[in-house]
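Okay, structure first, notes after.
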Amino acid sequence: MERLDPDKLPRHVAIIMDGNGRWAKRRGLTRIAGHQKGTESVRDIVRTSRELGIKWLTLYAFSEENWKRPSYEVKALMGLLNRYLKSELKEMLDNGIRLACIGQTEKLPPEVQRTLWQTIEETEHNTEMTLTLALSYGGRQEIVRAVKKMLGDIEKGTLQVNRITEERLSEYLYTADTPDPDLLIRTSGEYRISNFLLWQVAYTEIFITPTLWPDFRKERYLEALLDYQKRERRFGTTGEQTIHPE
Ligand code: FPP
Numbered sequence: 614m615e616r617l618d619p620d621k622l623p624r625h626v627a628i629i630m631d632g633n634g635r636w637a638k639r640r641g642l643t644r645i646a647g648h649q650k651g652t653e654s655v656r657d658i659v660r661t662s663r664e665l666g667i668k669w670l671t672l673y674a675f676s677e678e679n680w681k682r683p684s685y686e687v688k689a690l691m692g693l694l695n696r697y698l699k700s701e702l703k704e705m706l707d708n709g710i711r712l713a714c715i716g717q718t719e720k721l722p723p724e725v726q727r728t729l730w731q732t733i734e735e736t737e738h739n740t741e742m743t744l745t746l747a748l749s750y751g752g753r754q755e756i757v758r759a760v761k762k763m764l765g766d767i768e769k770g771t772l773q774v775n776r777i778t779e780e781r782l783s784e785y786l787y788t789a790d791t792p793d794p795d796l797l798i799r800t801s802g803e804y805r806i807s808n809f810l811l812w813q814v815a816y817t818e819i820f821i822t823p824t825l826w827p828d829f830r831k832e833r834y835l836e837a838l839l840d841y842q843k844r845e846r847r848f849g850t851t852g853e854q855t856i857h858p859e
């Protein structure tokens, strides 16, 4: 396999982890078993990202729409998340990984919220990599929330309408302190954004693989990163003017 160029790694990788259900169905297993196997992929991809020196990794762990799934599946996903956070704390601390979250986390079960905020607090001084979990997240909802916050500041007089720019709006999103993703990966072959980071992916390179999330491990991930490195990022310019962000 070709080697990755360490100087051309994406700064921020975002992933839509899809296909746990299909992975399980093909094996005659329950959807929950698929999510369990998917958690192992989460571990592998977080570890690999850290080893490679990727600074930001955002995982779509639970969407706004996922609340509509059968309650036993929602419950199982929440249980897996809670256990994952508890079991990974040591590894996060040992490897300088800071945990962050985006989304309407106040909708999560109280126990999960407690574990989540505790983990965020305990890892807040880590600087090697930020792992952001999108939980009860929806991109449109995030934009509506930002607009409301902006209007609140206009009413208070701390924001002037003629001062609203793209950069200013970005500061009102959950991702205010996060660079936009350079690479968005979606597993299991669907060609959709599914309400993930709508504002932030304006110039993001997209990689879609038929591999189902539980099968998406280090080797597949390296393939996605190699593919990314072969692309020329133009940000709307001509080929001659290609911009290479530092
Ligand atoms: C999609 O599979 C995946 C999810 C709904 C959530 C992803 C959750 C995990 C990987 C496990 C827990 C998360 C963490 C961070 C520990 P799907 O059920 O939509 O698959 P399908 O489209 O094949 O039915």
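This note's numbering runs 613 ahead of the 1-based position in the sequence shown.
Glycine included, each C-beta is placed from N, C-alpha and C at the ideal position.
Small disclaimer: the values here were computed from a predicted structure and weren't measured.
- The continuous alpha helix (DSSP H) containing E768 extends over residues G752 to K769.
- Note on Y841: 16 or more other CB atoms within 10 angstroms of its CB, so buried under the neighbour-count rule.
- Checking the 6 Å criterion, the Cβ of L729 is out of range of every heavy atom belonging to ligand 1.
- Exclusion of D657 from the 6 Å shell around ligand 1 follows from its C-beta lying no nearer than that to any non-hydrogen atom of the ligand.
- By the Cβ neighbour-count rule, L729 is buried, with 16 or more other Cβ atoms within 10 Å of its own.
- Its Cα nearest to that of W826, the residue I798 stands out among I798, L839, L810 and T788.
- For the pair E818 and L796, the CB atoms are nearer than the 7 Å cut-off.
- Under the rule that a run must span 3 or more residues, the beta strand (DSSP E) segments found entirely inside the region 774-835 read 796-799 and 818-821.
- Residue state for H738 is assigned as coil, using DSSP reduced to three classes.
- Apart from the 5 residues on each side of it in sequence, R663 sits with its Cβ closer than 7 Å to the Cβ of N708, I710, E741 and M742 in its chain, given in chain order.
- For W680, no alpha helix (DSSP H) segment is defined, and its DSSP state is neither H nor E.
- Listed as beta-bridge partners of R711 by DSSP are T743.
- Inter-residue distance for E755 and K688 is about 24 Å (C-alpha atoms, whole angstroms).
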